[in-house]
Structures are given as structure tokens and as C-alpha cells.
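Peer 1: When we follow numbering that gives the first Met the number 0, the leftmost residue of the sequence shown carries the number 0, and every step to the right adds one.
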Amino acid sequence: MSSSPAIWKKKSPTQSDHDLAVNPDIEMSLEQDQRWLASLIYGNDKHLERFILEQSDKPVGWATFFVHPSALRINLSNWTLYSRRIRRYTLFAPPLLDNHADLDKLNVLQNLFESLRNQLGQNEAIFLQSVTDGSPLAQLFTKNSPLHSSYHIFEYGQRYSHRYIDFTGDYDKYLKQLGSSTRSDLKRTRKRFIDSVGTYKTICYRSSDEISDFLDAAMTVSARTYQYILLGGGLRDRQHLEKKYETTAKLGWFRSYVLFADQQPIAFQVGHLYNGCYHAQEIGYDPDWGKSQAGIFLHTEIVPDLIASNGKVKRFDFGNDDNLHKKRLSTTATTESYVYLVPRNWQNNLIVYAMRTIDKLSNAAGRLLEKYNLRMHVSKLLWKFGGKK
0 MSSSPAIWKK
10 KSPTQSDHDL
20 AVNPDIEMSL
30 EQDQRWLASL
40 IYGNDKHLER
50 FILEQSDKPV
60 GWATFFVHPS
70 ALRINLSNWT
80 LYSRRIRRYT
90 LFAPPLLDNH
100 ADLDKLNVLQ
110 NLFESLRNQL
120 GQNEAIFLQS
130 VTDGSPLAQL
140 FTKNSPLHSS
150 YHIFEYGQRY
160 SHRYIDFTGD
170 YDKYLKQLGS
180 STRSDLKRTR
190 KRFIDSVGTY
200 KTICYRSSDE
210 ISDFLDAAMT
220 VSARTYQYIL
230 LGGGLRDRQH
240 LEKKYETTAK
250 LGWFRSYVLF
260 ADQQPIAFQV
270 GHLYNGCYHA
280 QEIGYDPDWG
290 KSQAGIFLHT
300 EIVPDLIASN
310 GKVKRFDFGN
320 DDNLHKKRLS
330 TTATTESYVY
340 LVPRNWQNNL
350 IVYAMRTIDK
360 LSNAAGRLLE
370 KYNLRMHVSK
380 LLWKFGGKK
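1) Just to confirm, is the Cβ distance from residue 166 to residue 296 under 7 Å?
2) For residue 99, which of helix, strand or coil comes out of DSSP?
3) Scan the segment 162 to 230 and note each continuous beta strand (DSSP E) run of 3 residues or more that stays entirely inside, going in chain order.
4) Using only CA atoms, which one of 247, 67, 35, 289 lies nearest to residue 123?
5) Would you kindly work out how many angstroms separate the C-alpha atoms of residue 21 and residue 340, rounded to a whole number?
6) Can you tell me the Cα-Cα spacing of residue 133 and residue 105, whole angstroms?
7) Give me, in chain order, the residues of the same chain whose beta-carbon lies closer than 8 Å to that of residue 357; leave out the 5 immediate sequence neighbours on both sides.
8) Counting only the same chain and skipping the five closest in sequence on each side, list residues whose C-beta sits under 6 Å from that of residue 216.
9) So, do the segment 300 to 311 and the segment 107 to 121 have three or more beta carbon pairs nearer to each other than 8 Å?
10) With 16 as the cutoff for other CB atoms within 10 Å, does residue 346 come out buried or exposed?
11) Kindly indicate the opening and closing residues of the beta strand (DSSP E) around residue 258.
12) Label residue 145 either buried or exposed according to how many other C-beta atoms from any shown protein chain fall within 10 Å of its C-beta, with 16 as the threshold for buried.
13) Which whole-angstrom value describes the C-beta separation of residue 91 and residue 65, a residue pair presumed to lie in contact below a C-beta threshold of 8 Å?
14) May I ask which residues mark the beginning and end of the beta strand (DSSP E) holding residue 344?
15) Report all residues from its chain with a CB closer than 7 Å to the CB of residue 102; omit the five preceding and five following residues, and keep chain order.
16) Rounded to whole angstroms, how far is the Cβ of residue 283 from the Cβ of residue 233, which I believe are closer than 8 Å?
17) Determine whether the beta carbon atoms of residue 314 and residue 181 lie at a separation below 7 Å.
18) Report the option in 156, 208, 338 whose CA atom is closest to the CA atom of residue 241.
19) Starting from residue 62, trace the beta strand (DSSP E) both ways and give me its first and last residue.
20) How would you write the range of the alpha helix (DSSP H) that residue 35 sits in, first residue to last?
21) Buried or exposed: where does residue 270 fall if 16 or more other Cβ atoms within 10 Å of its Cβ makes it buried?
22) Roughly how many whole angstroms lie between the Cα atoms of residue 475 and residue 129?
23) Taking the straight line between their C-alpha atoms, what separation do you get for residue 87 and residue 125?
24) Quick check: what's the CA-CA separation for residue 220 versus residue 171?
25) Assuming residue 70 and residue 82 form a contact by the criterion Cβ under 8 Å, report the distance between their Cβ atoms to the nearest whole angstrom.
26) DSSP on residue 142, reduced to helix/strand/coil?
27) Return the first residue and the last residue of the beta strand (DSSP E) that residue 264 is part of.
28) Return yes when the Cβ of residue 299 is within less than 7 Å of the Cβ of residue 185, no when it is not.
29) Less than 7 Å between the beta carbons of residue 325 and residue 187, yes or no?
30) Keeping to the same chain, check which residues put their C-beta closer than 6 Å to that of residue 44; ignore five residues upstream and five downstream.
31) CB residue 287 to CB residue 197, shorter than 7 Å?
32) Just how far apart, CA to CA, sit residue 7 and residue 93?
33) Go to residue 107, then tell me how far its alpha helix (DSSP H) extends in each direction, as first and last residue.
34) Assign residue 311 to one of three DSSP states: helix, strand, or coil.
35) From the DSSP secondary-structure annotation, give me the bridge partner or partners of residue 282.
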């Protein structure tokens, strides 16, 4: 006997909240929780688009897109050669599907993007984060996918390792899971840092009435970072951050840290604890404390604090993208990619072709820098140049 057809329907926020509420056994990630996604909205140019998969009048699937202004960029290394403004439908995590329902996952996912194609305008596109190798989404986007007739489907940037720590015991057990050189480096980092300061303390901020104090300290540090000065990143728009963090604190998710040395803030970590997973999000340290490895020292303060939570924290999520520190400090990883679905039309055909061509050149240049160990030198030059502006 064949299963009943499953159909995606666009829903209002209140409807979709109710539909998910009647399925308490569905285990969500932070990026799938509509309360988290709603906290990202500020200004009049952002909103959520919510779709519910119904089978026999019962909700069995959920997909919430964060719709916001963005751009399709043609980049050569760190330089933007051309930028075309678009409205982007971003999916931070895979659609949530009821594992108890009789569903052909590839088919229902294909139907979602086909139905969404019908409502996309000429300057709109879909962007997916955290597409894990081997997942139904990754299988859907292969070269033979029927979606290629409607979209240009391509990975944006290179695949990366999404790294985690799985906590299985105390802090010493965590250290034993790391390489011997990493363990030695962490011990030396702690000793050198402690020896170099008069006093230090790490403060954990959780409640809504602590948000203002956290932002006072963290934004002071953030304004001095490489990400803030050169890349337009870091902690900005205090009014929005206060509203967002107060909301997540009231939900019991907010858990962020600041490291102080001689009573001055020198490093911070924004994070949220959700369903046993600590999501490490924004991080930064004062560049004057770079040689003391303030960021790594803060990590050695945070992990024992999380482990001491009586089993409430089972995993540490380092977030998207990868670097050497994440590689050395993590215990497990998945391979993921960013994926664009850009509707086919003559304008998009031209820009996607240019993006792919220049991306190949950029990757070749990056490999050349890596081969001759020049990437770090180029980054330092950019940092010095940006700091003098």
C-alpha cells in the first residue's frame, strides 16, 4: 500500500509554530528553531518564509528560510570585482522531517525547491549552509538532479570541516583525546598567560539582566579585532544585539564569556546552549594579547566550565568554516559545504559563469600562496594596512 502524498504549504508564523508544537518528539537543532531564527530579524528588510510539509492533514516536515538582502559577488581572493544585489533565501540547517513518517526524503526535498522556484523573483536566490556530505540534501544536488533545469546549483567556496567536541568525561579525558603536541601547547599557553598577568578572571553571562555588562566588555574587544576592522564583522549594532541576546537569555540559551586581565576585557566568546549542544559563535581577542594566545586561553576556561554542568552539555559546536585551532581542539567533524541555488535567467547565467571562472582562478592563487607559505604574510600585511586606515 502506497503512502499518502506529502505536500509543502506556505504558512504564517503562528500557524507553523502551532504545527511544530504538536510534535514534541521532533528533535531540533538551534538553527531549526523558529524562535532562534526570529531573533535574527531586525529592520524592515528581513523576514522569515515558512513552509510545512503535510501528509494526510498532518505536519511531517518544516523548512524556515531567513530572507534578507545579500549579493552575488565575483571575488578574486579577498577582492570583490563585481557585486549584484539580490534577496537571499537562506536555510541555516536542513529542513526538519519527521522520521516516523513514510517519506521519500529526496522527493519531498526536490518538491520544496521546485515550489519555491515559482515564487522567486528575478533578483532572488536560495543559499544553504551546512550541507553535509552524504546527506539527502547533498544527494539531491548532484549533477543528475532535475533541479538543474530550474537552477544553477553550485558550491560557494570550498568544502570545510565542521568541527565538534563530544564530551564523554571530565576535562582530563577531553585532553587525552587531543594530540600530544596540542596537549603540551595548551599547558604552556595557560602557564605563560598566567605568568604574564597580574590578575585574571573569566566571567560567564547567562541572564537577561547581564546582557548590558556583557556587551560593554565584548564590544570593546570586538572593535579592535581583525574581523571588525578589515572584514566588517564582529559585534555591531548594540541595540539589535541587546534585543537578540535578551530574547535568547529569557529562553535559557544564552551562555557567553569574557576574559579579563588586570580588570580589562581582552577576549570574548558569544555562545548559546541548546539541547545539550554549546554553539560557539562570535569570538574575538584584543590583538595586543595575540602573543599570549588570549583566545586559546579563554577556550581552556570555557570547556571545563561546560563539562562541570552535570551532563547538561554533551557537545561543543565550533560553527561553520574551519581553521587550524578548531582542527587541533576538536574531537570529531563532518564535511560540509555552502550551496547556492540561483534561478536560471540570462542575467544570472552570465554572473554565475563569471563567478565559477574567477573562483577557479582564486583557488589556484590560494594554492600558490599555501605552497610557498605566503598566505600568513599576506594576511599580516592586510592587517597592518587596515589598522592604519
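All C-beta atoms in this analysis are idealised placements derived from N, C-alpha and C, irrespective of residue type, glycine included. The structure displayed is predicted, hence computed values, not measured ones.
Peer 2: In this structure, then:
1) no
2) coil
3) 199 to 204
4) 67
5) Only weak support is given to the placement of residue 21: the predicted model assigns it a pLDDT of 49, under 50, and the question is left unresolved by the model.
6) 12 Å
7) 73, 74, 75, 80
8) 257, 264
9) no
10) exposed
11) 255 to 260
12) exposed
13) 7 Å
14) It is not in any beta strand (DSSP E) - residue 344 carries neither H nor E in the DSSP assignment.
15) 5, 59, 96
16) 6 Å
17) no
18) 208
19) 57 to 75
20) 33 to 38
21) buried
22) Only positions 0 to 388 of the chain appear in the structure, and residue 475 is not among them; the question remains open.
23) 6 Å
24) 30 Å
25) 5 Å
26) coil
27) 263 to 273
28) yes
29) no
30) 68
31) no
32) 15 Å
33) 104 to 116
34) coil
35) 268
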